[in-house]
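Numbering (full-length UniProt numbering), first residue to last: 1 to 285.
In this text, a Cβ means the ideal position worked out from N, Cα and C, and glycines have one as well.
Predicted model, so just to flag it, every value in this text is computed and none were measured.
Here is the structure we will look at, set down as structure tokens.
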């Protein structure tokens with residue numbers, strides 16, 4: 001394990017040194033390009049570099065065409081010079097950043113020099129341990145295989161955990177849906193129970209009303225029977241018949257006898273009235 005650590009530290013130091021060298025070379029190249037752009041003749045339009053005594057006066061139309069071409073060319077060269085200036089400015093900023101980064105990497109390499117020297121001395125003293133290259137490579141391959149196996153196991157464990165979490169989420173969602181369904185069913189059952197209770201109370205109220213009505217009808221029937229019995233006793237006494245005991249006898253039969261007595265009495269009254277009418281008529285004559 002110490003050998004692996006020393007190897008990794010040595011490799012990291014070499015990589016940092018190479019990166020620092022590449023950054024320094026890139027910064028140097030950018031500096032050369034920036035100086036080349038700064039001294040480029042494109043920053044000065046070519047027609048301004050021509051001496052005045054070498055200019056030949058052309059005809060008017062040709063002068064207009066030349067002025068137009070010169071103006072267009074001047075505008076193009078001015079735009080090109082502006083782009084070059086902007087590019088040079090950007091390269092200057094990048095060069096500054098690269099120089100700062102190169103300084104940082106150089107300082108980092110300098111800070112790592114003692115550790116690198118110590119590692120090189122340690123490797124130099126124990127160089128006998130690195131004679132068997134095949135064994136070292138085999139050990140490295142074994143460690144890589146072990147690491148790959150562990151990574152596969154971790155990935156498989158992550159997949160299984162993700163599947164379990166998804167299954168748990170689905171189960172929880174199903175339980176929530178089931179709870180909502182049971183809550184709705186419970187609400188419907190509660191409404192049905194309340195309706196059944198209301199119907200039961202209404203039925204009890206009707207039954208109580210029926211019982212009260214039955215009691216009143218029974219009392220009225222008893223009163224009718226008692227009145228019928230008393231009237232039948234009176235009629236039986238007038239007719240010279242036998243009087244029945246209280247609470248005995250057929251009420252319908254008693255009513256029939258009373259009706260017959262009343263009809264007979266009505267007939268007698270009618271005959272008496274007819275007789276009285278005849279007597280009154282005879283007295284008048």
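- For the set 177, 233, 263 and 87, the Cα lying nearest the Cα of residue 250 is the one of 233.
- With contacts defined by Cβ atoms closer than 9 Å, residue 82 and residue 13 do not form a contacting pair.
- Residue 9 has its alpha-carbon roughly 44 Å from the corresponding atom of residue 85.
- Residue 90 and residue 32 have their C-alpha atoms some 14 Å from each other.
- Put simply, the backbone Cα of residue 26 is about 8 Å away from that of residue 98.
- With a threshold of 16 other beta carbon atoms within 10 Å, residue 102 meets it and is buried.
- Pairing residue 238 with residue 261 gives a Cβ-Cβ distance under 9 Å.
- At least 9 Å separates the beta-carbon of residue 106 from that of residue 18.
- For a cut-off of 8 Å, the C-beta gap from residue 95 to residue 21 is around 16 Å, too long to register as a contact.
- Taking a 10 Å sphere around the C-beta of residue 211, we find fewer than 16 other C-beta atoms and assign the residue as exposed.
- For residue 113, the number of other beta carbons within 10 angstroms of its own is below 16, and it is reported as exposed.
- Here DSSP, grouped into helix, strand and coil, assigns residue 194 to helix.
- Distance from the Cα of residue 264 is smallest, within the candidate group 275, 235 and 206, for 235.
- Between residue 255 and the set 268, 272, 229 and 274, the nearest pair of CA atoms involves 229.
- When the Cα atoms are used, residue 153 and residue 146 turn out to be separated by approximately 10 Å.
- Contact check for residue 15 and residue 108: beta-carbon distance about 11 Å, past the 8 Å limit, so the pair fails to qualify.
- Here residue 231 really is in contact with residue 258; their C-beta atoms are around 6 Å apart, less than 8 Å.
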